[in-house]
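These notes are about the structure you will find just below.
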Amino acid sequence: MAQADASMDLDTGRETSLERMVTADGIPLKRSLKRAERRRKLFALGLVAPLLAFLLTVFIFPIGQMMWRSVDNPQIINTLPRTVEALEAWDPGADELPPEEVFAALQADFAADQELPRRQQGTGSLGVRLNYEVSGARSAVSRTARQVDGFAVPYKDEFLDAHRLWGQPEIWRVIKRESRPLTASYYVQALDREYAPDGSIQLRDEGQRTYISLFLRTFALSATILGLTFLLGFPISYYMSTLPMRQANLLMIFVLLPFWTSLLVRTSAWIVLLQQQGVINSTLVGLGIIGDDSRLSMVYNMTGTIVAMTHILLPFMVLPLYSVMRGIPPSYMRAAKGLGARPWTAFRRVYFPQTLPGIGAGGVLVFIISIGYYITPALVGGQSGRMISNEIARHMQSSLNWGLAAALGTLLLVSVMILYWVYNRLVGADSLKLG
Amino acid sequence: MALPAYATPLDKLWHYTFRVICWAIFFFLVAPIIIMIPLSFNAQPYFTFTMEMLEFNPQGYSMRWYQELFTSDSWMRSIRNSFYIGIGATILATILGTLAALGLSRAHIPAKGLIMAVLISPMVVPLIISGAGMFFFFSSVNLSNTFLGVILAHTALGTPFVVITVTATLVGFDESLTRAAANLGASPTRTFFKITMPLILPGVVSGALFAFITSFDEIVIVLFVAGVEQRTIPREMWSGIREDLSPTILAVATLLVLLSIALLSTVELLRRRSERIRGMTPG
């Protein structure tokens, strides 16, 4: 670094004399320095390149690919090109079925698809795709596609016989609306909206809304956990910062031990403590504080999630807070008191404002980690302690609506990125400290 | 924080109340972890202290859950897998991360902020999103349900820790030492192994430990990318907690707590050593 600065100095300050100076092999010094500088830069880049390439392939690209899934919509246009073309003239706003030509086109599309080798057939994924929008569409597509070879004019009646769904304008509206290679429908769903028959986007009925309230609950839970980690973390950080280094380091073990202990261990510890037959309930019953039949339910609900996650994330609040508090000279407080401030005023007006960077850093860290948390809510959260990650996992693993999972994931990622940007503004990513 | 002689009774009351509050919080932090240790020796399949245990009757204690753990094929396989995957990921992450940290600290690299953002990203992106992304990617390149796939995924998660710890030790690094070595005729490789490496070693080792514990403790990616053959300890605990909660989990947990104490002490020792080498007063 020092060398680079020196050569810059030479560059600007004494350009003329540099032009005249040459190295031993007769190359002008300026050019030689520049070349050395470039070589250093290339060498440094070469050191960074393997990791950069590795992360771009194994990490960034897969996430980009997943985000692409939230708008990717090839199934309909690929499998039903003729139908899509025929539907262009049809008015989806009118509450009637499309004309005979559309049915003929659909018959041709299905017949063409059946000709393909099994692995290239598109009707399977088409059925799955339509099923996200209209329930029952999957069986309608697979059943009809198998019979379509035997269909005769007029196709319309044949289709209506094969499956009742073809007789509803709804499915035709979906095919027409989703006939482009990109779709917004997963985001429409992820934001609890739906398409009205006239194509406009409207809020779903009260009973069918899930995701917005889940996002709000995730944020509310994270804010609660953030508040609790602050309430618990502030006193102990302050206490440790007033002690001599040796004692403070000993107490630090109490913070670092949970930090280093396996997440699954900490989560199962809370199950052991909080469950109905667990340590806390048994102690309370043993002491006669509560009856045996009125054991508290503290786990597999929101309480469980909040308690376990506060415990897990507390070190993330304490570590930055403590290091900021260490740096605050105690003389400021003494000066404030010497100038006549009462202890509370001195604390509020002199000490507390100086801890704000630590609170900001720890707070954003805790919030970022908790809004994306999956394991602990899944294990101790029950139904009321679920968070948005659990819903993403459900769509990934059991409902298999990957587009919706990707849309929810993208929304979550965007919120985390915004928060991280704030964090970066507050403390700078480089100052991230560990342990 | 000794009380001054002029403290009023109210000051004294607050002083002691504050200490009690702090110790209660420390208790909250450590008790749940410590309490599992005696419970893992429970002779009964319960998650609470039995009467015999409270009376310190030897009958109340047993090693049966440890026995169950060490004779169970699936647990033993998961322990092997965890070390296998953890060590593989640690080696890769340490090499890649150390090289990158050396490069980043050397010269003005173009777009340094952007590069740093990419290198740190595995730490920032929620695991559920990384897991979902890797699920699709790894199945498209036939790496899902393979050891290599899990190792590569864990390598990605571990590298930010190595980059951060090694960068931190390089902050106090005196470049004139390597220049002196070069001036005395050492080749760049020799300079690296004889001068640079010993000085940054504490940072490299603690970065490696962070990478190892990240892999060792990781479950979300394993849930998405690994198959039955690649089940790790956390994965086995996950199904243990979800399906049949047995005190075997407490035995595993106890062993893991001991392991984390060992790792914590190592990192702390390394930190002190590194500060001593760099001429700072030990903290």
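Just so you know, the sequences run in chain order A and B. To get our numbering, take the position in the first sequence, counting from 1, and add 17. To get our numbering, take the position in the second sequence, counting from 1, and add 30. Every residue gets a Cβ at the ideal spot worked out from N, C-alpha and C, and that includes glycine.
Can you look up residue i in the DSSP assignment and give me helix, strand or coil?
i        : result
Gln206/A : helix
Val39/A  : strand
Asn213/B : helix
Glu211/A : strand
Tyr91/B  : strand
Asn72/B  : strand
Glu248/B : coil
Ala61/B  : helix
Trp107/A : coil
Tyr349/A : helix
Pro15/A  : The question about residue 15/A has no answer, for chain A in this structure spans 18 to 452.
Met310/B : Unreliable placement is indicated for Met310/B, whose pLDDT of 49 sits below 50; no coordinate value is reported for it.
Asn172/B : coil
Ala325/A : helix
Asp174/A : helix
Thr221/B : helix
Trp438/A : helix
Met18/A  : With a pLDDT of only 38 at Met18/A, under 50, the local geometry of the prediction cannot be trusted, and no value is derived from it.
Glu273/B : coil
Gly398/A : coil
In chain B, what lies closer than 8 Å to residue i by C-beta?
i        : result
Phe369/A : Simply none; closest approach about 15 Å.
Thr278/A : Ile63, Leu286, Val287, Ser290
Leu290/A : Pro62, Ile65
Ala286/A : Pro62, Ile63, Ile65, Met66, Ala283
Leu46/A  : Chain B residues near Leu46/A: none, gap ~18 Å exceeds 8 Å.
Find the residues of chain B that neighbour residue i, judging by a C-beta separation of less than 7 Å, and give them in chain order.
i        : result
Arg403/A : Going along chain B, no residue has its Cβ under 7 Å from Arg403/A, so there is no contact; the nearest lies around 13 Å.
His180/A : Those within 7 Å of His180/A in chain B number zero; the least Cβ separation is about 32 Å.
Tyr391/A : Leu157, Ile158, Val250
Gly295/A : Phe77, Thr78
Ser299/A : Thr78
Val439/A : Residues of chain B passing the Cβ test: none, with the nearest at roughly 12 Å.
According to DSSP, what are the bridge partners of residue i?
i        : result
Leu199/A : Asp89/A
Tyr339/A : None, per the DSSP bridge assignment.
Gln219/A : Glu211/A
Pro45/A  : Val39/A
Going along chain E, which residues have a C-beta under 9 Å from residue i?
i        : result
Leu149/B : Looking at the structure shown, chain E is missing, and the protein chains on hand are A and B.
Run down chain B in chain order and give the residues with a C-beta less than 9 Å from the C-beta of residue i.
i        : result
Gly321/A : In chain order: nothing, as chain B lies at least about 12 Å away.
Gln82/A  : Gly163, Phe166, Phe167, Ser170
Ala410/A : Ile158, Gly161, Ala162, Val250, Leu253, Phe254
Leu382/A : Near Leu382/A there are no residues of chain B at all, since even the closest Cβ is about 10 Å away, more than 9 Å.
Ser406/A : Pro156, Leu157, Ile158, Ile159, Val250
Val433/A : Val154, Val155, Pro156, Ile159
Gly305/A : Within 9 Å Cβ-Cβ: nothing; Gly305/A doesn't reach chain B, min ~16 Å.
Thinking residue i and residue j are a contact (beta carbons under 8 Å), I'd like their distance in whole angstroms, please.
i        : j        : result
Lys58/A  : Ile145/B : The Cβ separation is near 13 Å, so there is no contact.
Thr278/B : Leu129/B : Contact doesn't hold; Cβ gap of about 41 Å is too wide.
Gln292/A : Val324/A : Gln292/A to Val324/A, Cβ: 12 Å. No contact.
Leu436/A : Val381/A : 6 Å
Pro186/A : Glu117/A : In fact, because the Cβ distance is near 15 Å, the residues do not count as touching under 8 Å.
Thr78/B  : Ser299/A : 4 Å
Ile405/A : Leu330/A : Contact flag wrong, Cβ pair sits at about 17 Å.
Ser102/B : Ala73/B  : Actually they are not in contact, since the Cβ atoms of Ser102/B and Ala73/B sit about 19 Å apart, beyond 8 Å.
Ser236/B : Arg302/B : About 11 Å separates the two Cβ atoms, so there is no contact after all.
Pro190/B : Met164/B : Their Cβ separation, rounded to whole angstroms, is 16 Å, which puts Pro190/B and Met164/B out of contact at 8 Å.
Ile229/A : Asp209/A : 5 Å
Ser70/B  : Trp95/B  : 6 Å
Ile290/A : Pro62/B  : Inspection of the sequence shows that residue 290/A is occupied by Leu rather than by Ile. Contact holds; Cβ gap of about 6 Å.
Ala154/A : Gly144/A : 6 Å
Mind listing the chain A neighbours of residue i? Cutoff is C-beta to C-beta under 8 Å, in chain order.
i        : result
Pro264/B : Ser279, Leu280, Leu281
Gly116/B : By Cβ distance, chain A contributes nothing, its closest Cβ being about 12 Å from Gly116/B, past 8 Å.
In chain A, what lies closer than 9 Å to residue i by C-beta?
i        : result
Gly188/B : Under the 9 Å cutoff, chain A gives no residues; its nearest Cβ is about 11 Å from Gly188/B.
Ala141/B : The premise fails here: Ala141/B is roughly 10 Å from chain A at the closest Cβ pair, so nothing lies under 9 Å.
Phe48/B  : Pro252, Tyr255, Tyr256
Leu99/B  : In chain order: nothing, as chain A lies at least about 14 Å away.
For residue i, go through chain A and note every residue whose CB falls closer than 7 Å to its CB, in chain order.
i        : result
Leu294/B : Leu273, Leu274, Trp277
Met267/B : Leu281, Ser285
- Query: Which residues, in chain order, does the segment 75–89 of chain B contribute to contact with chain A at a C-beta distance below 8 Å?
  - Reply: Tyr76, Phe77, Thr78, Phe79
- Message: Tell me which residues of the segment 150–180 of chain B have at least one Cβ-Cβ distance to chain A shorter than 9 Å, keeping chain order.
- Response: Ile150, Ser151, Pro152, Met153, Val154, Val155, Pro156, Leu157, Ile158, Ile159, Ser160, Gly161, Ala162, Gly163, Met164, Phe165, Phe166, Phe167, Phe168, Ser170
- Short-range partners of chain A found in the segment 219–250 of chain B, where Cβ spacing is below 8 Å: Ser236, Phe240, Ile243, Phe246, Asp247, Ile249, Val250
- Of the residues that make up the segment 323–353 of chain A, which ones have a beta carbon closer than 7 Å to any beta carbon in chain B? His328, Leu331
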